[in-house]
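Each remark here refers to the structure printed beneath this line.
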Amino acid sequence: MSFMQSPQTFEKNRDRAANTKRVQIVMDRFGDTRHEFDVTDAQAVALAEERFRQLTGSGFRAAALSGDGGPGKLLGKFDQNVEQTLFIPHLQGG
Amino acid sequence: MLAVRRTLRALQNSALGRRRRMTPEQRGVDLLLANLTPQQRREYRRDRHFDVIGGQSGTRYRLWHCFQQNIEELDAEGRRRGLWCFHPRQTLVLGDVLLAQKTALELFEGEALRVAHRYLNFGANAGPTSRIARDDFERTVRNSWLRWLRRTLRSGIRAIRPETNFYRVTRIWFVAAAFSCLLTRVVYGTVVFH
């Protein structure tokens, strides 16, 4: 049993791994496209920031999802601490 | 540890595969349902609409599962004051449109209503009377309860796991199995051969 981690270490590692995962959800005609990245990976964070800048620059609104269905938060600039960012295309009257 | 990692990766891949196999409409509805409060979700599944409170004015809006003229502005008594219609400029599936409208009303209501068109009544084939929307609802939302059940079970198991202490339970189970094996051997040997 020596190859196994202790339950505490296992849970700690799993929680740490889960807490560093972030996702950017872009609405499109396929439903949505998800871009996942890890905050511990500097290159992935830089890519995510670049994607954020490109999308908001082309008219998308970025919102941080609350996760419980409540009102989220409107994002003006990239925040790597936000777990789920939703990108909404530009709105028009119908 | 390798076996555990492989199992986790396989589970993750199967979940991703399942998501890829879903139609865009189902994915849109899935995303919408994941971002509604439990009350809104209940309302939506039951009545084909859910209520949203405007982030700036505090006005109540009713969002119908429909492609056009689907936002009803309600007064304090729940009566219709008027209808609004706005949607994302890109072509999106209906679940995404509803989520975009909900988010817009909650986070940037003024801006959304500035671009929206206002109507007094539902059109001939809009809002709750739209047959296309009703069929779409039956196809995408009503059939989503199985997917919801699966997701709930999965998150339930995930929530319980740390408390049940999986490794300790496995260790106990191994010891118990070895002990029962030994006991069976002893009893069998004692009773049958002696």
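Protein sequences appear in the order of chains D and C.
232 is the number of the first residue of the first sequence in our numbering; add one for each residue after it.
389 is the number of the first residue of the second sequence in our numbering; add one for each residue after it.
No residue lacks a Cβ here, since even glycine has one placed at the ideal position from N, Cα and C.
Using the three-state DSSP reduction, which class does residue i fall into: helix, strand or coil?
{"i": "D/Thr251", "result": "coil"}
{"i": "C/Thr479", "result": "coil"}
{"i": "D/Phe318", "result": "strand"}
{"i": "D/Lys308", "result": "coil"}
{"i": "C/Glu413", "result": "helix"}
{"i": "C/Phe562", "result": "helix"}
{"i": "D/Met232", "result": "Confidence at D/Met232 is low in this model, with a pLDDT of 42, below 50, so the placement of that residue is unreliable and no value is reported for it."}
{"i": "D/Gln323", "result": "strand"}
{"i": "C/Cys569", "result": "helix"}
{"i": "C/Arg468", "result": "strand"}
{"i": "C/Asp439", "result": "strand"}
{"i": "C/Thr425", "result": "coil"}
{"i": "C/Phe455", "result": "coil"}
{"i": "D/Pro302", "result": "coil"}
{"i": "D/Asp272", "result": "coil"}
{"i": "C/Ser543", "result": "helix"}
{"i": "C/Val529", "result": "coil"}
I want to check one thing, is the minimum distance from the CB of residue i to the heavy atoms of the ligand ADP below 8 angstroms?
{"i": "D/Arg265", "result": "Only the bare structure without any ligand can be found here, which leaves the ligand ADP out of the picture."}
Applying a beta-carbon distance threshold of less than 7 angstroms, which residues of chain D neighbour residue i?
{"i": "C/Gln456", "result": "Gly325"}
{"i": "C/Val350", "result": "This structure cannot settle anything about residue 350 of chain C, because the visible part of chain C is limited to 389 through 582."}
{"i": "C/Ala500", "result": "Leu322"}
Where DSSP assigns a beta bridge to residue i, which residues make up the other side?
{"i": "D/Gly262", "result": "D/Asp259"}
{"i": "D/Glu267", "result": "D/Val254"}
{"i": "C/Tyr507", "result": "C/Leu471"}
{"i": "C/Leu462", "result": "C/Arg448 and C/Arg468"}
{"i": "D/Arg282", "result": "D/Arg282 pairs with nothing; no bridge assigned."}
{"i": "C/Ala488", "result": "In the DSSP output, where bridge partners are listed per residue, C/Ala488 has none listed."}
{"i": "D/Arg292", "result": "D/Ile319"}
Given that residue i touches chain C, what residues does it touch there, using C-beta distances under 9 angstroms?
{"i": "D/Arg282", "result": "Residues of chain C passing the Cβ test: none, with the nearest at roughly 17 angstroms."}
{"i": "D/Gly303", "result": "Asn423, Thr491, Glu494 and Leu495"}
Which residues in chain D sit within 8 angstroms of residue i, going by Cβ to Cβ distance?
{"i": "C/Gln428", "result": "Gly300"}
{"i": "C/Gly416", "result": "Gly262 and Asp263"}
{"i": "C/Pro412", "result": "Arg260, Phe261 and Gly262"}
{"i": "C/Val503", "result": "Leu322, Gln323 and Gly324"}
{"i": "C/Ala488", "result": "Met258, Ile319, Pro320 and Leu322"}
{"i": "C/Gly443", "result": "Pro302"}
{"i": "C/Leu480", "result": "Met258, Asp259, Arg260 and Pro320"}
{"i": "C/Asp435", "result": "The contacting residues do not exist; C/Asp435 stays about 17 angstroms from chain D at best."}
In chain C, which residues lie less than 8 angstroms from residue i when you measure between Cβ atoms?
{"i": "D/Ala294", "result": "Thr491 and Leu495"}
Between residue i and residue j, is the Cβ-Cβ spacing less than 9 angstroms?
{"i": "C/Gln478", "j": "D/Asp259", "result": "yes"}
{"i": "C/Trp472", "j": "C/Leu501", "result": "yes"}
{"i": "C/Leu421", "j": "C/Val529", "result": "yes"}
{"i": "C/Val481", "j": "D/Gly262", "result": "yes"}
{"i": "D/Gly303", "j": "D/Leu317", "result": "yes"}
{"i": "C/Phe438", "j": "C/Ile520", "result": "no"}
{"i": "D/Phe291", "j": "D/Ile319", "result": "yes"}
{"i": "C/Glu499", "j": "C/Gly442", "result": "no"}
{"i": "C/Val440", "j": "C/Phe474", "result": "no"}
{"i": "D/Ala294", "j": "D/Glu314", "result": "no"}
{"i": "C/Asp523", "j": "C/Glu413", "result": "no"}
{"i": "C/Arg429", "j": "D/Gly300", "result": "yes"}
{"i": "C/Gly483", "j": "C/Leu419", "result": "yes"}
{"i": "D/Gly288", "j": "C/His505", "result": "no"}
{"i": "D/Phe268", "j": "D/Arg253", "result": "yes"}
{"i": "C/Asp448", "j": "C/Glu461", "result": "Just to set this straight, residue 448 of chain C is Arg in the shown sequence, not Asp. Yes, the pair counts as a contact, with Cβ atoms nearer than the cut-off."}
Kindly list, in the order they appear in chain D, the residues whose Cβ is closer than 9 angstroms to that of residue i.
{"i": "C/Leu419", "result": "Ile256, Met258, Gly262, Asp263 and Leu317"}
{"i": "C/Asp523", "result": "Under the 9 angstroms cutoff, chain D gives no residues; its nearest Cβ is about 19 angstroms from C/Asp523."}
Determine, using beta carbons only, whether residue i comes closer than 9 angstroms to chain A.
{"i": "D/Gly290", "result": "Although the question refers to chain A, the structure presented lacks it and instead comprises the protein chains D and C."}
Select from the stretch 461-478 of chain C all residues with a C-beta closer than 8 angstroms to any C-beta belonging to chain D, and list them in chain order. Within the stretch 461-478 of chain C, the residues whose Cβ lies closer than 8 angstroms to some Cβ of chain D are Cys473, Phe474, His475, Pro476, Arg477 and Gln478, listed in chain order.
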